[in-house]
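**Q** Heads up: the sequence shown is residues 604 to 662, going by the numbering used here. Idealized CB from N, CA, C, for every residue including glycine. Quantities reported herein were computed from a predicted structural model and do not represent experimental measurements.
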Amino acid sequence: MNQKEAFLNIESYSEYVKHRDEFKGLKIDREVLGHVAKIFPKGSGTKEELFKDPENRSW
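1) Please state the DSSP three-state secondary structure of K650.
2) For E614, which three-state DSSP category applies?
3) Is E625 helix, strand or coil by DSSP?
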């Protein structure tokens, strides 16, 4: 089984985390990208900054 097939057989994000190092050199194509969208958790949609830029910069 090649690297792409192994990645496509993963069913959940927690399973991906366990085998993350095995997929570091994986080439991204449409099929892989679509599978990533299925197994990765969705973002919350938050659009606020964690660290705001200070108004009085000295640089």
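**A** Considering the structure as presented:
1) coil
2) coil
3) helix
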